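**Q** Before anything else, here's the structure in question.
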Amino acid sequence: MGGCSSSLPAGSTPEHLGGDNAGLSDLTRGFRVKLVLLGDSGVGKSCIVLRFVRGQFDTTSKVTVGASFLSQTMVLQDATTVKFEIWDTAGQESSPVQWSFDCVHADHHLIRYAALAPLYYRGAAVAVIVYDITNPESFSKARFWVKELQKHGSPNIIMVLVGNKADLHENREVSIQLSMLLFDLDIKFINSSYLQIICSECSVAKQLITLRVLLMKDAIDYAEKNGMFFIETSAKTSDNIHELFEEIAKRLPRRPIM
């Protein structure tokens, strides 16, 4: 599956453009922020970055290899300037991994990727963990990165869970375990944005809608439990892309992390 890869400046390394103490630094009228994106290949990490930085979406570009770097400056309503230095890590090396439901089995491909990723998230002030709402496996892999960051990331790191490809919500998938759990269950949760349960009968159609709603609710609950905030985005339509980075900027502490 194609990605939206971006280029890395010649001779640049994570330390060159970030460094252990550069997660959040003072500028004359704002902040410089090191942000890293993590997640499986094909979830749309690069597409999110390119949509935010360049306002572009390219379905023909190649998957990111290694890591790419882009920057973008945002001005908040209070006139605070935030310069995001964004590291987009490759996810393809984690794709061949054999995963169990509890995410404890991995082969050398994930180990190799996991060994490289700390080079990019070391010293980061923000980590954006992305999954594809149509791919339950990518959500399981997102959980892996949350655990890694909790163990090895900066203690004050801001973590964000992003469900990308919201434009494909009709294809939203759920795990077999969740399907079995909800069988025969009358759920009254309503998502007013695009899903509504308007009848009390447990029809097949209602069950499918309920499963889609609860997958998003599961992601929200997981994010809250792990001290993250959750948002669904669409790099294709640009839905919630600006809001994602704006919310991150609002949550940044107003003095540098040393």
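Quick note: the sequence shown uses our numbering, first residue 510, plus one each step.
We put the CB at the ideal spot given by N, CA and C, even for glycine.
Quantities reported herein were computed from a predicted structural model and do not represent experimental measurements.
(1) Assign N749 to one of two classes, buried (16 or more other C-beta atoms within 10 Å of its C-beta) or exposed (fewer than that).
(2) Please classify S580 as buried or exposed, where buried requires at least 16 neighbouring CB atoms within 10 angstroms.
(3) Leaving out five residues on either side along the sequence, give the residues of the same chain with a beta carbon under 8 Å from the beta carbon of G747.
(4) Could you check if N673 is buried or exposed, using at least 16 other CB atoms within 10 Å of its CB as the buried criterion?
(5) For the alpha helix (DSSP H) that L761 lies in, which residues bound it at each end?
(6) What's the C-alpha gap between K759 and T568?
(7) Exposed or buried, V584, counting other C-beta atoms within 10 Å across all chains shown (16 or more means buried)?
(8) Rounding to the nearest angstrom, what Cα-Cα distance links R541 and T589 in this structure?
(9) How would you write the range of the beta strand (DSSP E) that R541 sits in, first residue to last?
(10) What residue range is occupied by the uninterrupted alpha helix (DSSP H) comprising I667?
(11) At what residues does the beta strand (DSSP E) containing V552 begin and finish?
(12) Quick one: measure Cβ to Cβ for I744 and I557, integer angstroms, because I've assumed they're closer than 8 Å.
(13) Identify the continuous beta strand (DSSP E) that holds K592 and give its terminal residues.
(14) Rounded to a whole number of angstroms, what is the C-alpha to C-alpha distance between E755 and L761?
(15) In angstroms, rounded to a whole number, what distance separates the CA positions of M737 and H678?
(16) Report the three-state DSSP secondary structure of E741 (helix, strand or coil).
(17) K543 and G632 look like a contact to me (Cβ under 8 Å); what is the Cβ gap, rounded to whole Å?
(18) Please state the DSSP three-state secondary structure of I729.
(19) Pick helix, strand or coil for L559, following the three-state DSSP scheme.
(20) Report buried or exposed for E733, applying the criterion of at least 16 other Cβ atoms within 10 angstroms of its Cβ.
(21) I need the straight-line Cα distance from K656 to S649, nearest angstrom please.
(22) Once DSSP output is grouped into helix, strand and coil, what is the label at D676?
(23) If I measure Cβ to Cβ from D676 and keep anything under 6 Å in the same chain, skipping five residues before and after, which residues do I get?
**A** Let me lay it out:
(1) Your numbering for residue 749 matches position 240 in the sequence shown. N749 is buried by the Cβ-count criterion.
(2) As a position in the sequence shown, residue 580 is number 71, starting the count at 1. S580 is exposed by the Cβ-count criterion.
(3) The sequence position of residue 747 within the sequence shown is 238, counting from 1. It should be pointed out that residue 747 corresponds to Ser in this sequence rather than to Gly. Cβ within range, chain order: R560, G564 and F566.
(4) Along the sequence shown, one-based indexing puts residue 673 at 164. Label assigned to N673: buried.
(5) Reading the sequence shown from its first residue, position 252 is the one you call residue 761. Taken as a continuous stretch (DSSP letters only), L761 belongs to no alpha helix (DSSP H), as it is neither H nor E.
(6) For this step, residue 759 is matched to residue 250 along the sequence shown. For this step, residue 568 is matched to residue 59 along the sequence shown. K759 and T568: Cα-Cα distance of roughly 31 Å.
(7) Looking up residue 584 in the sequence shown gives position 75. It is exposed - the Cβ of V584 has fewer than 16 other Cβ atoms within 10 Å.
(8) The residue given as residue 541 occupies position 32 in the sequence shown. The residue given as residue 589 occupies position 80 in the sequence shown. Their Cα atoms are separated by approximately 11 Å.
(9) Numbered from its first residue, the sequence shown carries residue 541 at position 32. Run containing R541: G539 to G548, per the beta strand (DSSP E) assignment.
(10) Translated into the one-based positions of the sequence shown, residue 667 becomes position 158. Counting along the chain, I667 falls outside any alpha helix (DSSP H), though it belongs to the beta strand (DSSP E) covering I667 to N673.
(11) In the sequence shown, counting from the first residue as 1, residue 552 sits at position 43. No beta strand (DSSP E) holds V552; DSSP gives it neither H nor E.
(12) For the purposes of this step, residue 744 is taken as the residue at position 235 of the sequence shown. For the purposes of this step, residue 557 is taken as the residue at position 48 of the sequence shown. Note that residue 744 is Ala in the sequence shown here, rather than Ile. Correct: roughly 5 Å between the Cβ atoms.
(13) As a first step, residue 592 is located in the sequence shown; it is residue number 83 there, counting from the start. That run of the beta strand (DSSP E) goes T590 to T598.
(14) Indexing the sequence shown from 1 puts residue 755 at position 246. Indexing the sequence shown from 1 puts residue 761 at position 252. So the two alpha carbons sit approximately 10 Å from each other.
(15) Stepping through the sequence shown from its first residue, residue 737 is reached at position 228. Stepping through the sequence shown from its first residue, residue 678 is reached at position 169. Taking the straight line from one Cα to the other gives about 22 Å.
(16) Residue numbering aside, residue 741 sits at position 232 when the sequence shown is read from its first letter. E741 falls in the strand class under three-state DSSP.
(17) The sequence position of residue 543 within the sequence shown is 34, counting from 1. The sequence position of residue 632 within the sequence shown is 123, counting from 1. Indeed, because the Cβ distance is near 6 Å, the residues count as touching under 8 Å.
(18) Numbered from its first residue, the sequence shown carries residue 729 at position 220. Reduced to three states, the DSSP call for I729 is helix.
(19) Counting from one through the sequence shown, the residue named residue 559 turns up at place 50. Residue state, collapsed to three classes: helix.
(20) Here residue 733 refers to the residue found at position 224 when the sequence shown is read from its first residue. Counting Cβ neighbours within 10 Å, E733 comes out exposed, since fewer than 16 surround it.
(21) As a first step, residue 656 is located in the sequence shown; it is residue number 147 there, counting from the start. As a first step, residue 649 is located in the sequence shown; it is residue number 140 there, counting from the start. One C-alpha to the other measures close to 11 Å.
(22) Your numbering for residue 676 matches position 167 in the sequence shown. Looking at D676 - three-state DSSP - the assignment turns out to be helix.
(23) Along the sequence shown, read from residue 1 onward, the residue named residue 676 stands at position 167. Counting only Cβ-Cβ distances below 6 Å, and skipping sequence neighbours, we find S743, K745 and T746.
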